[in-house]
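Notes for the one structure printed next.
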Amino acid sequence: MQRTKKTCHSPLLSLLILPLAACSPQPPANPPTVESSPTIEAGIPTPSPQAAAAAAAETPMQSPTAAETQANIPEIEVPDPDPGTANVVGRIFWNEQPVTGISLLMCETIDLAEGCLGAAFESQTDENGVYLFANVAPGEYDLVVESLDFEHWLYVTAGPQSGAEKHRIAADATLRLPDFHIFNFDLAMTSPAEDEAVSAARPALAWEAYPSASYYRVFLQEENGTVILQGEKTELATIAPTVDLKACTYLWQVEAYNAADIKIAEHDGYARFQVVDQPQSC
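Those letters in the sequence shown? Residues 2 to 283, per my numbering, in order.
See below:
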C-alpha cells in the first residue's frame, strides 16, 4: 500500500500511501476535513522496473498474509444498510494494536492536488479500531486513513495482495475490509544529514533505533534513479553501501518493521546527500 501526505510521498508501497511518493513534503497547517480534503502526495523518484521486481519478491507484506487476512476480517455487528445503499466496515491497527479515534475518508475520486472530489463520506475508529461507513451510495470509492501524526493519509486497499485503490460498493450489502496496518513517519535518519557532502566512497548510513523495531529496510539510489540498495534488510541502526558510490547526489530512506514483518514507521520522505571527491561521477 501505496504513502498520502497532505502534500507529497514515498517509494514502492503495496499498501499505498496516498501514494505515491514523497520527497521533502511540507506539512499542512491543519488536518483535512470532508469539506477541505487532503492533498495526495506525488513526486518521489521511481526505481527501475528490475529493482521494483526484486523488491517485490524480497520485501515483506505490509499487511497480514491472505490466510491471516481472512481470519482477521472483523465480525462486527452492523445493522442492514438502508434499501439501495451499502455499509463499509473494517479495523485499523498500528504495531498490531487497534487505533482509536483515527479519521477515514471515502471519496468518489481523490485528486493529487485537490483531494476528495464528488461524493465524500467520513468515519472514525472506535476503541477497537473499528470504522463504519453506513448507508453509502453504491459506486466506486477511494478509501484513505489518517496517520498517527495527522499529516499523512494512506490508501486502505482491498488486502495484502491487492494494489487496487478503488473499492466497489454494491447496494444492499456490507463490505467487510481486511484489517489495515498504518505506520508512523517519525523515524529519524541522522547521517548523512540532509544535503550534507561526504567524501567517503562507502559512507555509513545511520538512524536512531526505533522502539519496537525488529529490523529495518534501507533504500538508496542516485538522484537519477540508479538503485544502490533496494529494501536492504538490517537489524542494526546503520548500514553501508556494498559498492563504491560515485560523485553524485543520492536519495535514501529507512523503514522499520516489527517481529511480525509489519511496517511500523519510516522516515518522512527521502533524504538527500552528496558524495564528493570520487573518481567517477554520475
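The beta carbon of each residue, even a glycine, is placed where N, CA and C say it ideally should be.
* Decide yes or no for the touch test of the region 190 to 206 against the region 231 to 240: beta carbon pairs closer than 8 Å, at least 3 of them. => yes
* Asked: If you run the structure through DSSP and keep just helix, strand and coil, what is Gln281?
  -> Start at 1 with the first residue of the sequence shown, and residue 281 comes out as number 280. Gln281: coil per DSSP, three-state reduction.
* Asked: Is Gly116 near Glu109, with beta carbons less than 7 Å apart?
  -> On the sequence shown, residue 116 is found 115 positions in, with the first residue counted as 1. On the sequence shown, residue 109 is found 108 positions in, with the first residue counted as 1. Their beta carbons are not under 7 Å apart, which means Gly116 does not touch Glu109 by this criterion.
* **Alpha-carbon to alpha-carbon, Thr101 and Asn129** => As a position in the sequence shown, residue 129 is number 128, starting the count at 1. As a position in the sequence shown, residue 101 is number 100, starting the count at 1. Spanning the two alpha carbons is a distance of roughly 7 Å.
* Can we say the region 123 to 141 touches the region 87 to 102, given the rule of at least three CB pairs closer than 8 Å? -> yes
* For Leu178, which residues from the same chain have a beta carbon less than 6 Å from its beta carbon, with the 5 sequence-adjacent residues on both sides left out? -> Counted from its first residue, the sequence shown places residue 178 at position 177. Result list for Leu178: Gly91, in chain order.
* To do: Pick helix, strand or coil for Ala121, following the three-state DSSP scheme.
  => As a working mapping, residue 121 is identified with position 120 in the sequence shown. Ala121: strand per DSSP, three-state reduction.
* Distance CB(Val157)-CB(Val146) smaller than 7 Å -> The count along the sequence shown starts at 1 and reaches residue 157 at position 156. The count along the sequence shown starts at 1 and reaches residue 146 at position 145. Result yes, Cβ atoms of Val157 and Val146 sit closer than 7 Å.
* Alpha carbon to alpha carbon, what distance is there between Pro99 and Ala257? -> The residue labelled residue 257 in the question sits at position 256 within the sequence shown. The residue labelled residue 99 in the question sits at position 98 within the sequence shown. Using only the alpha carbons, I get a separation of about 19 Å.
* State yes or no: is the C-beta of Ile111 within less than 7 Å of the C-beta of Gly140? => Within the sequence shown, numbered from 1, the residue matching residue 111 stands at position 110. Within the sequence shown, numbered from 1, the residue matching residue 140 stands at position 139. Not a contact, by the Cβ cut-off of 7 Å.
* One or two residues paired with Leu246 in a DSSP bridge -> Along the sequence shown, one-based indexing puts residue 246 at 245. Answer by DSSP bridge pairing: none, since Leu246 is not bridged.
* What are the complete beta strand (DSSP E) segments, minimum 3 residues, inside the region 188 to 212? -> The region 188 to 212 contains these whole beta strand (DSSP E) runs: 190 to 192, 197 to 199, 206 to 208.
* Identify the continuous beta strand (DSSP E) that holds Asn136 and give its terminal residues. => For this step, residue 136 is matched to residue 135 along the sequence shown. Its beta strand (DSSP E) spans residues 131 to 137.
* To do: Would you kindly check if the distance between the Cβ of Glu224 and the Cβ of Leu252 is under 7 Å?
  => Walking along the sequence shown from the start, residue 252 turns up at place 251. Walking along the sequence shown from the start, residue 224 turns up at place 223. Against a cut-off of 7 Å, the Cβ pair of Glu224 and Leu252 comes out as a contact.
* Asked: Can Phe94 and Asp187 be called in contact, C-beta distance under 7 Å?
  -> Indexing the sequence shown from 1 puts residue 94 at position 93. Indexing the sequence shown from 1 puts residue 187 at position 186. No, they are not a contact pair.
* How should Gln281 be labelled, buried or exposed, when 16 other C-beta atoms within 10 angstroms of its C-beta is the threshold for buried? -> In the sequence shown, counting from the first residue as 1, residue 281 sits at position 280. Per the 10 Å Cβ criterion, exposed.
* Asked: Among residues of its own chain, excluding the 5 on either side of Pro84, which ones have a beta-carbon nearer than 7 Å to its beta-carbon?
  -> In the sequence shown, counting from the first residue as 1, residue 84 sits at position 83. Here the set comprises Asp173.
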